[in-house]
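A.B. asks: First to last, the sequence lines map onto chains A and B.
Note that the UniProt record's numbering gives residue 426 to position 426 of the first sequence, counting from 1, and the numbers run on in steps of one.
Note that the UniProt record's numbering gives residue 39 to position 39 of the second sequence, counting from 1, and the numbers run on in steps of one.
Where a beta carbon is used, it is the ideal one built from N, C-alpha and C, also for glycine.
Bear in mind the structure is a predicted one, so any value in this text is a computation, not a measurement.
Take this structure first; my questions come after.
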Amino acid sequence: MEESPQPPAGIEGSGLKGPFAVGAYAEMLRDELRGRARLQLFGELWNLRRSKFRVYFELRDARGAVPCSMWLDKFDALGDSAQAIAEGAQIVVAGGPDYYPGSKTSSPSFSFDVTALRVAGEGDLLAKLEALRQQLRAEGLFEPQKLLERPQLPQTIGVVTSETGKARDDVLAGLKRRGWAGTIIWGFAPVQDRRAAGAITEALVDLAGIEQVETIIVARGGGSLADLFAFCDETLCRTVAMLRVPVISSVGHHTDHTLIDDVSAESCSTPTHAAEAAVPIDVTAEREALRAATSTLVRHAQSAVVGRARALAALARVPGAHIASQRKDLHQGAREVRAAGQRRLILERERTRTVAEVLRRKAEAGAGAETLTRTRSLEGLSSALAAHDPARMIERGFAMVETDAGAVVTSAAQARSEGKVRLRFADGDVAAKITEDDD
Amino acid sequence: MTEPEQSYELATARLEEIIRRLDSGEAGLRETLDLVKEGRTLVEYCAGELEAVSQGLEEIKLDELIARLDDQSPEGE
Chain A
1 MEESPQPPAG IEGSGLKGPF AVGAYAEMLR DELRGRARLQ LFGELWNLRR SKFRVYFELR
61 DARGAVPCSM WLDKFDALGD SAQAIAEGAQ IVVAGGPDYY PGSKTSSPSF SFDVTALRVA
121 GEGDLLAKLE ALRQQLRAEG LFEPQKLLER PQLPQTIGVV TSETGKARDD VLAGLKRRGW
181 AGTIIWGFAP VQDRRAAGAI TEALVDLAGI EQVETIIVAR GGGSLADLFA FCDETLCRTV
241 AMLRVPVISS VGHHTDHTLI DDVSAESCST PTHAAEAAVP IDVTAEREAL RAATSTLVRH
301 AQSAVVGRAR ALAALARVPG AHIASQRKDL HQGAREVRAA GQRRLILERE RTRTVAEVLR
361 RKAEAGAGAE TLTRTRSLEG LSSALAAHDP ARMIERGFAM VETDAGAVVT SAAQARSEGK
421 VRLRFADGDV AAKITEDDD
Chain B
1 MTEPEQSYEL ATARLEEIIR RLDSGEAGLR ETLDLVKEGR TLVEYCAGEL EAVSQGLEEI
61 KLDELIARLD DQSPEGE
């Protein structure tokens, strides 16, 4: 950076030296602080944070605090005691004040440059906090909030948070994710200075006094445990425990655990989760589920009537259907019987034919001389019989007298009594009338 | 007999119970029609509750609300 060649005019009337260029003064301040005596300090460690090369923390006690920094490699060289160091731990540091003069593009900073560190014990603040936690638990103050009824769909939600913090946006994002768009009453309050606990308590009481408020969210983003100490305030925690409205807390990161988390109805890791816990149901999904429920009801209503009407109609058709079914069965049975008879007939006919053929063949095989003689004798008898056949007599010129009914008239008296007869010749018959002349 | 105080969670729980009963197919005609009627009433109630948180986000500052109530208070007394 180029030095200003010509300093501007000073403040009129001021008797002080200068003006001097600030950079030169900053360097002088650094040198002066570095020249101060090196010494040891003790106090509680708070706000421990790491950068690429250094660790930063604050050394605090009841009267005041000093920002400290230490080279990371020296801090890590402390081993397990450094890794296990907790917020509020009692430590002793050795070193001296230092000043980083900054530049046109970087900010200046003061810190106590720590060259050695020793963990001396657990901090008083943490010990007091733990004692208060035990006391509140023993008094049963962790329970009342958890026993309160939690509305699934609150229409009005109270939120206590910083007006400018990111937690406010996170709460809104969580509610939006649920599809919730009701009424929010913002109880804005400081969330980390010494006025915070009182202001938060007052906002909570006021919100709980509004009849429409069904749930209250207390939200604060991440920070050191020292920053979050307002949420461990005894009065605040006792007040929360006795509120009629459920309080959902989300203070710091998920690893932080303040006393308000113990006494509230539910403790969430982030303000977004707190918002989702305040509205447990997804409004959009619920609307869809309600539509499905409506369809189910309509379906049941229809099937209750239409389905039963169909069932009744089916029952009314049952006798006819039963007879038709029986008739069908009978017809089928008859067809089967007929088919079985036909099959049996064919089989019997075939068998009979076979037996007849066998008999015929046996007869032929068994026919001998005796059979021939008998045959001839039969032929002789047949010829003798034919000689006495009336038809043969008629062929020789006789006629046969018959009644109209075809009976043979064998006497004149019978012919006379018949009156009408038929004379039968070889070539036909002739009707004749019996008359008797007296002369 | 006084009606118990209705809430969304009670209404949805009863609605689920009704649908389970209807789906079981064990309810007779009269019971089915009664359940459907009750279910429709519950659906209307739930739809109203959902509608109430779907009208658009309203944001009120507690300080302003208290100031407003304080202003109204003397007139009311």
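Output, in chain order, the set of chain B residues within a Cβ distance shorter than 8 angstroms of A/E206.
C.D. replies: Just to set this straight, residue 206 of chain A is Asp in the shown sequence, not Glu. L62 and I66, listed in chain order.
A.B. asks: If you count every other CB in all the chains shown that lies within 10 Å of the CB of A/F398, and 16 or more means buried, which is it?
C.D. replies: exposed
A.B. asks: How would you write the range of the beta strand (DSSP E) that A/V401 sits in, first residue to last?
C.D. replies: M400 to E402
A.B. asks: Between A/Q302 and chain B, is there a C-beta pair that is closer than 7 angstroms?
C.D. replies: no
A.B. asks: Strictly by DSSP, which residues pair up with A/R424?
C.D. replies: A/M400 and A/D429
A.B. asks: Helix, strand or coil for A/R353 per DSSP?
C.D. replies: A/R353 falls in the helix class under three-state DSSP.
A.B. asks: By the DSSP assignment, the beta strand (DSSP E) with A/S51 in it spans what residues?
C.D. replies: No beta strand (DSSP E) contains A/S51, which DSSP labels as neither H nor E.
A.B. asks: Please list the partners that B/S24 has in chain A, where partner means a Cβ-to-Cβ separation under 7 angstroms.
C.D. replies: Residues of chain A passing the Cβ test: none, with the nearest at roughly 11 angstroms.
A.B. asks: Look up B/K37 in the DSSP assignment and say whether it is helix, strand or coil.
C.D. replies: Looking at B/K37 - three-state DSSP - the assignment turns out to be helix.
A.B. asks: Per DSSP, what kind of secondary structure is B/K61 in: helix, strand or coil?
C.D. replies: strand
A.B. asks: So A/R220 is in the alpha helix (DSSP H); what residue range does that whole segment cover?
C.D. replies: It is not in any alpha helix (DSSP H) - A/R220 instead sits in the beta strand (DSSP E) that spans T215 to R220.
A.B. asks: State the DSSP-derived secondary structure class of A/V358, mapped to helix, strand or coil.
C.D. replies: In the three-state reduction of the DSSP assignment, A/V358 falls in the helix class, which pools H, G and I.
A.B. asks: Closer than 8 angstroms is the cut-off here; do at least three beta carbon pairs connect the segment 40 to 53 of chain A with the segment 63 to 83 of chain A?
C.D. replies: yes
A.B. asks: For A/A304 and B/L42, what's the separation of their Cα atoms in angstroms?
C.D. replies: 20 angstroms
A.B. asks: Would you report the Cα separation of A/Q152 and A/I281, rounded to the nearest angstrom?
C.D. replies: 6 angstroms
A.B. asks: By the 7 angstroms beta-carbon criterion, what residues does the segment 287 to 316 of chain A contribute toward chain B?
C.D. replies: Hits within the stretch, in order: R287, L290, A293, T294, T296, L297, H300, A301, A304 and R308.
A.B. asks: Compute the Euclidean distance between the alpha carbons of A/V160 and A/S264, then round it to the nearest angstrom.
C.D. replies: Those two C-alpha atoms are separated by around 13 angstroms.
A.B. asks: Within the same chain, show all residues whose beta-carbon is closer than 6 angstroms to that of A/G64, passing over the 5 residues directly before and after it, in chain order.
C.D. replies: none
A.B. asks: How many angstroms separate the CA atom of A/A413 from the CA atom of A/V401?
C.D. replies: Taking C-alpha positions only, A/A413 is separated from A/V401 by approximately 13 angstroms.
A.B. asks: For the alpha helix (DSSP H) that contains A/V251, what are its first and last residues?
C.D. replies: Counting along the chain, A/V251 falls outside any alpha helix (DSSP H), though it belongs to the beta strand (DSSP E) covering V247 to V251.
A.B. asks: If I follow the unbroken alpha helix (DSSP H) through A/F75, where does it start and stop?
C.D. replies: Note, A/F75: alpha helix (DSSP H), L72 to D76.
A.B. asks: Just to confirm the assignment, what range does the beta strand (DSSP E) spanning A/D98 have?
C.D. replies: Q90 to Y100
A.B. asks: Under 8 angstroms Cβ to Cβ from A/D427, same chain only, skipping five residues before and after it: list those, please.
C.D. replies: none
A.B. asks: Check whether chain A comes within 7 angstroms of B/E51, counting only Cβ atoms and requiring the distance to be less than that.
C.D. replies: no
A.B. asks: Does the segment 91 to 100 of chain A come close enough to the segment 27 to 46 of chain A that 3 or more CB-CB pairs lie under 8 angstroms?
C.D. replies: These segments touch.
A.B. asks: Curious, which full-length alpha helix (DSSP H) runs of at least 4 residues does the segment 277 to 314 of chain A contain?
C.D. replies: 283 to 302
A.B. asks: Could you pull out every unbroken alpha helix (DSSP H) segment of at least 4 residues lying fully inside the segment 159 to 203 of chain A, listed in chain order?
C.D. replies: 166 to 177
A.B. asks: Please confirm if B/Y8 has its CB atom under 7 angstroms from at least one CB of chain A.
C.D. replies: So, interface residue.
A.B. asks: For B/E17, decide whether its Cβ has a neighbour in chain A, counting only Cβ atoms nearer than 7 angstroms.
C.D. replies: no
A.B. asks: Tell me, which residues are paired with A/E266 by DSSP?
C.D. replies: A/I248
A.B. asks: With a threshold of 7 angstroms between beta-carbons, can B/G56 be considered close to chain A, or not?
C.D. replies: yes
A.B. asks: Hey, how far is the Cα of B/Q55 from the Cα of A/T156?
C.D. replies: 13 angstroms
A.B. asks: Below 8 angstroms, can you find three or more Cβ-Cβ pairs linking the segment 236 to 254 of chain A to the segment 266 to 282 of chain A?
C.D. replies: In this structure the segment 236 to 254 of chain A touches the segment 266 to 282 of chain A; the number of beta carbon pairs closer than 8 angstroms is three or more.
A.B. asks: For A/V337, go through chain B and note every residue whose CB falls closer than 9 angstroms to its CB, in chain order.
C.D. replies: Here the premise fails: no neighbours, minimum Cβ distance about 46 angstroms.
A.B. asks: So, using beta-carbon positions, are A/G179 and A/L207 closer together than 7 angstroms?
C.D. replies: no
A.B. asks: Inspect the beta-carbon positions of A/A278 and A/T215 and report whether they are closer than 7 angstroms.
C.D. replies: yes
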